[in-house]
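Novice:
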DNA sequence: AAGCTATATGTAATCGATTACAAGCAGCCT
DNA sequence: AGGCTGCTTGTAATCGATTACATATAGCTT
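Protein chains in written order, with this note's numbering: chain A, -14 to 357; chain B, -14 to 357.
#1: Counting pairs of beta carbons, one from the region 164 to 171 of chain B and one from the region 133 to 146 of chain B, are three or more of them closer than 8 Å?
#2: So the alpha helix (DSSP H) residue 190 of chain B belongs to, where does it begin and stop?
#3: In angstroms with no decimal places, state the Cα-to-Cα distance between residue 116 of chain B and residue 80 of chain B.
#4: For the alpha helix (DSSP H) holding residue 103 of chain B, just list the boundary residues, first then last.
#5: Residues bridged to residue 112 of chain B by DSSP?
#6: Going along chain A in order, which residues have a C-beta closer than 7 Å to the C-beta of residue 107 of chain B?
#7: With 16 as the cutoff for other CB atoms within 10 Å, does residue 284 of chain B come out buried or exposed?
#8: Identify the contact partners of residue 298 of chain B in chain A, using a Cβ-Cβ distance below 9 Å as the criterion.
#9: Using a 10 Å radius around the Cβ and a threshold of 16 neighbouring Cβ atoms, would you call residue 294 of chain B buried or exposed?
#10: Report the rounded CA-to-CA distance for residue 202 of chain A versus residue 225 of chain B, giving the unit in angstroms.
#11: Secondary structure at residue 169 of chain B, three-state DSSP: helix, strand or coil?
#12: Between the beta-carbon of residue 184 of chain A and the beta-carbon of residue 343 of chain A, is there less than 7 Å?
#13: Identify which residue in B:95, B:93, B:35 and B:50 has its Cα closest to the Cα of residue 72 of chain B.
#14: If you measure from the beta carbon of residue 25 of chain A to each beta carbon in chain B, is any gap under 7 Å?
#15: What's the gap between the Cα of residue 31 of chain A and the Cα of residue 22 of chain A?
#16: Would residue 253 of chain A be called buried (16 or more neighbouring beta carbons within 10 Å of its own) or exposed?
#17: List the residues of chain B whose Cβ lies closer than 7 Å to the Cβ of residue 95 of chain A, in chain order.
#18: Chain B beta carbons: is any one of them nearer than 7 Å to that of residue 70 of chain A?
#19: Is there a Cβ from chain B that is less than 7 Å from the Cβ of residue 76 of chain A?
#20: Which runs of the alpha helix (DSSP H) fall wholly inside the region 290 to 338 of chain B and span at least 4 residues, in chain order?
#21: Over what stretch of residues does the beta strand (DSSP E) that includes residue 258 of chain B continue unbroken?
#22: Look up residue 286 of chain B in the DSSP assignment and give the residues it is bridged to.
#23: Suppose contacts are defined by Cβ-Cβ distances below 7 Å. Is residue 199 of chain A in contact with residue 223 of chain A by that definition?
#24: Please report the straight-line C-alpha distance between residue 241 of chain A and residue 275 of chain A, rounded to a whole angstrom.
#25: Are the beta-carbon atoms belonging to residue 130 of chain B and residue 75 of chain A less than 7 Å from one another?
#26: Can you list, in chain order, the residues of the region 46 to 71 of chain B whose Cβ is nearer than 8 Å to any Cβ on chain A?
#27: Between residue 265 of chain A and residue 288 of chain A, what straight-line distance do the alpha-carbon atoms span, to the nearest angstrom?
#28: On the criterion of 16 or more Cβ atoms from any shown chain inside 10 Å, does residue 244 of chain A qualify as buried, or is it exposed?
#29: Would you verify that the beta carbon of residue 319 of chain B is, or is not, closer than 7 Å to some beta carbon of chain A?
#30: Leaving out the 5 sequence neighbours to the left and right, which residues in its chain are closer than 6 Å to residue 92 of chain B when beta-carbon positions are compared?
#31: In chain B, what lies closer than 8 Å to residue 131 of chain A by C-beta?
#32: What's the gap between the Cα of residue 233 of chain B and the Cα of residue 64 of chain B?
#33: So, helix, strand or coil for residue 135 of chain A, using DSSP?
#34: How is the alpha helix (DSSP H) around residue 160 of chain A delimited, first residue to last?
#35: By Cβ distance, which residues of its chain are closer than 7 Å to residue 349 of chain A, with the 5 residues on each side in sequence left out?
#36: For residue 230 of chain A, which three-state DSSP category applies?
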């Protein structure tokens, strides 16, 4: 038996389960063949196998073929951990997502995954809103031994988490997408939220609305702030009233949209149109109104923000500001990968702003005769 | 300077950027301190540092404190790659998701992430429907050097991908969730799809419907098949007609629901109720009908499947079969982790079936006077 | 023929932890 | 005193690849 010649007793091959070592003891197969085993099977050194795999052009054709044949026959699969240790990188990126259950992020993730996987990176996701995701826990994800880079979709994380530039254990490159931490020195991919909000307001104005309300996101969120600011600016620019009671607090959720609808119903003087800072809130708003016997856009016009999948199939189809969600994720991944390639040289943070557009559908229409 | 006493020239500390080696050459800081550096700072061996970190009770209190202080002062963070290599595991699980953009999966993912992260596992996601995710590419994710286990949410993957039991490079433990490959020998977490479908049909029957149609998922999908089968069985059991033209083909998407609506409209004899195999199709169905001037449940009752977030806020609120999405993900993760802990001993595959329940809302009501 | 270059390959150090094994030491028992 | 036990700690092997450096060979130039 050829196997008996093998002096190293943990030689492994693809099909057999057991071998006999030099003492003829039946030993369990190590199971996973190593580069060593391939080298032996091909009659070359491990260095040559390694080169044949990662830089085929430097080995002769004959050797290359022998190596590939040995890989096939042994069923060898590279051990990524060992490679990563030696190369001091992980070929992985971590994505910090606030609330994975929110469908808004699923397309962003899809965009990230697409670009990252094509470039050979694994995508590791972490939900920052889970109870176990406390600061200490999250901190461990920011280690360069975990990932070569980070994409952060949560602007509500404590800045302190990221304040480690230049210190030991250095922070890997970070790119923010969608949300970001105001004033932080990181690259970001974002949309022009203020401009999007302004588009919504101008659209309503163009339809004839003069009394326009707004349902905003959670306090302290950059998206809330920028959309709110865009809303106010556009209202002011158009000479429309900015009335405190027409601004409703939400948190981007369906539920909070429904609550805003109740608040709207409770008003003496109601705005004839409402711009919601998220589609989910817009749907919740319209849905609640419908339960109370009101109809959109007959009784009030509604514009959303995001253009989630359901928007065009809502009743009525939702007029909204479309965010290129997939493209945002893809751009963030590309930016991060570029940044990782640039080495440790602290490149200045870049900001990429993607265009939004208004998807005019049926939930916004000219104000009814009852309106002012 | 104390630094000049250090003979190993790549000593590193937390704050300074540069050191001088034994030749007094200014060298770049290695940046990330290693366990070696901690050991030196604490005046102990690396073995002791390692023990203090991973099994604190075996080192004396004095030493432990010294080590922790050294960790703090050096800013040491463990290198997971090195640890994983030595321990021959990755502390990561891979989740194979069909179409990340589908919000249905986001809650499943959230459940997985929650359990996995609490147990110290990273979650790596792969979108199996991306163009780059060909069989060869996916194969590399099934390597045990990539992850300690796999959760597969895509039942349409080729079985061949998983047929490596006992061969070299062995497949790590696999758990299917939601979908699965018929006849494959893996553990699964699923719901009783047939029972769920039967609940929907019986609910409609209870409301008085005698003519019930069905919009099914993509052909060949196990969910499609089991729900279809449950539908047929319930119809037969109740003595209701099973008419070929009342069964519409869909693919779970909003769009396909809308198409089914057009098909329904084109019928001479229309069923008074339609059970859709997904909420997305139900929404698309209702939405399309609404565009054509029809109203649910006045003109037709609709029941969905899944209970996605928007369901209760749809117009009308959608009657649907609720799947515990978060719990499915959590159960899959728990099962996988248990399986990984059980070692390589091939435990028999287990099947966990989670209960579904009917969420009766407004989209299904007794048939109108016009109906038979 | 000597010397040089280019190509292909092998040897062994290296990445940074964990852990088997050995050993030191204090306390206790006989 | 000698031996035993239990508690700490250190030494060095190990995980499985990559890669710097050395070396061998062939082909070419002068």
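Yeah, the Cβ is synthetic: ideal placement off N, Cα and C, and Gly gets one too.
On a predicted model such as this, the values are computed, not experimentally measured, just so you know.
Specialist: According to the data block:
#1: In short, these stretches touch, since the Cβ pair count reaches three.
#2: For the purposes of this step, residue 190 of chain B is taken as residue 205 along the second chain, with counting starting at 1. Per DSSP, residue 190 of chain B belongs to the alpha helix (DSSP H) from 178 to 192.
#3: Taking the second chain and counting its residues from 1, the one referred to as residue 116 of chain B is at position 131. Taking the second chain and counting its residues from 1, the one referred to as residue 80 of chain B is at position 95. Rounded to whole angstroms, the gap between the alpha carbons of residue 116 of chain B and residue 80 of chain B is 17 Å.
#4: Your numbering for residue 103 of chain B matches position 118 in the second chain. Element bounds for residue 103 of chain B: 89 to 103.
#5: The residue labelled residue 112 of chain B in the question sits at position 127 within the second chain. According to DSSP, residue 112 of chain B bridges with B:82.
#6: Walking along the second chain from the start, residue 107 of chain B turns up at place 122. Neighbours of residue 107 of chain B on chain A, chain order: 109.
#7: Position 299 of the second chain, counted from the first residue, corresponds to residue 284 of chain B. Flag for residue 284 of chain B reads buried.
#8: For the purposes of this step, residue 298 of chain B is taken as the residue at position 313 of the second chain. Simply 239, 240, 242, 243, 265, 268, 269, 271, 272 and 273.
#9: Taking the first residue of the second chain as 1, we reach residue 294 of chain B at position 309. Around the beta carbon of residue 294 of chain B, 16 or more other beta carbons sit within 10 angstroms, so the residue counts as buried.
#10: Residue numbering aside, residue 202 of chain A sits at position 217 when the first chain is read from its first letter. Residue numbering aside, residue 225 of chain B sits at position 240 when the second chain is read from its first letter. Between residue 202 of chain A and residue 225 of chain B, the alpha-carbon positions lie close to 49 Å from each other.
#11: Sequence index remark: in the second chain, residue 169 of chain B carries index 184 (1-based). Under the three-state reduction of DSSP output, residue 169 of chain B falls in the coil class, being neither helix nor strand.
#12: Translated into positions along the first chain, residue 184 of chain A becomes position 199. Translated into positions along the first chain, residue 343 of chain A becomes position 358. Yes, they are a contact pair.
#13: On the second chain, position 87 is the one that residue 72 of chain B refers to. It is B:35 whose Cα lies nearest to the Cα of residue 72 of chain B.
#14: Translated into the one-based positions of the first chain, residue 25 of chain A becomes position 40. Chain B, which has no Cβ nearer than 7 Å to the Cβ of residue 25 of chain A, makes this no.
#15: Along the first chain, one-based indexing puts residue 31 of chain A at 46. Along the first chain, one-based indexing puts residue 22 of chain A at 37. Distance between the alpha carbons of residue 31 of chain A and residue 22 of chain A: 9 Å.
#16: For this step, residue 253 of chain A is matched to residue 268 along the first chain. Around the beta carbon of residue 253 of chain A, fewer than 16 other beta carbons sit within 10 angstroms, so the residue counts as exposed.
#17: Position 110 of the first chain, counted from the first residue, corresponds to residue 95 of chain A. Ordered by position in chain B, the residues that pass the 7 Å Cβ test against residue 95 of chain A are 85, 86 and 112.
#18: Taking the first chain and counting its residues from 1, the one referred to as residue 70 of chain A is at position 85. It does: the Cβ of residue 70 of chain A has a partner Cβ on chain B nearer than 7 Å.
#19: Working through the first chain from its first residue, we reach residue 76 of chain A at position 91. By this cut-off, residue 76 of chain A is not an interface position.
#20: Annotation note: the region 290 to 338 of chain B contains the following uninterrupted alpha helix (DSSP H) runs of length 4 or greater, listed N- to C-terminal: 310 to 326.
#21: Position 273 of the second chain, counted from the start, is the residue given in the question as residue 258 of chain B. Residues 258 to 261.
#22: Position 301 of the second chain, counted from the start, is the residue given in the question as residue 286 of chain B. Bridge partners of residue 286 of chain B: B:258.
#23: For the purposes of this step, residue 199 of chain A is taken as the residue at position 214 of the first chain. For the purposes of this step, residue 223 of chain A is taken as the residue at position 238 of the first chain. With respect to residue 223 of chain A, residue 199 of chain A sits apart: the two C-beta atoms are not nearer than 7 Å.
#24: What you label residue 241 of chain A is simply residue 256 of the first chain in a count that begins at 1. What you label residue 275 of chain A is simply residue 290 of the first chain in a count that begins at 1. Residue 275 of chain A has its alpha-carbon roughly 15 Å from the corresponding atom of residue 241 of chain A.
#25: Within the second chain, residue 130 of chain B is the residue found at index 145, counting from 1. Within the first chain, residue 75 of chain A is the residue found at index 90, counting from 1. No, the pair does not count as a contact, with Cβ atoms beyond the cut-off.
#26: Under the 8 Å Cβ criterion, the region 46 to 71 of chain B contributes 59, 60, 61, 62, 63, 64, 65, 66, 67, 69 and 70.
#27: Translated into the one-based positions of the first chain, residue 265 of chain A becomes position 280. Translated into the one-based positions of the first chain, residue 288 of chain A becomes position 303. Distance between the alpha carbons of residue 265 of chain A and residue 288 of chain A is about 11 Å.
#28: Here the question's residue 244 of chain A lines up with position 259 in the first chain. Residue 244 of chain A sits buried, since 16 or more C-beta atoms from the chains shown fall within 10 Å of its C-beta.
#29: The count along the second chain starts at 1 and reaches residue 319 of chain B at position 334. No, residue 319 of chain B does not count as interfacial toward chain A.
#30: Translated into positions along the second chain, residue 92 of chain B becomes position 107. If we look at residue 92 of chain B and ignore the five residues flanking it on each side, its Cβ neighbours are 310 and 311.
#31: Reading the first chain from its first residue, position 146 is the one you call residue 131 of chain A. Here the neighbours are 65 and 107.
#32: Mapped onto the second chain, residue 233 of chain B falls at position 248. Mapped onto the second chain, residue 64 of chain B falls at position 79. Cα to Cα, the separation comes out at about 55 Å.
#33: Here residue 135 of chain A corresponds to residue number 150 of the first chain, with the count starting at 1. Looking at residue 135 of chain A - three-state DSSP - the assignment turns out to be strand.
#34: Here residue 160 of chain A refers to the residue found at position 175 of the first chain. Counting along the chain, residue 160 of chain A falls outside any alpha helix (DSSP H), though it belongs to the beta strand (DSSP E) covering 159 to 162.
#35: By one-based count along the first chain, residue 349 of chain A stands at place 364. Same-chain partners within the cutoff: 188, 189, 192, 258, 282, 286, 287, 288 and 304.
#36: Here residue 230 of chain A refers to the residue found at position 245 when the first chain is read from its first residue. The three-state secondary structure of residue 230 of chain A, taken from DSSP, is helix.
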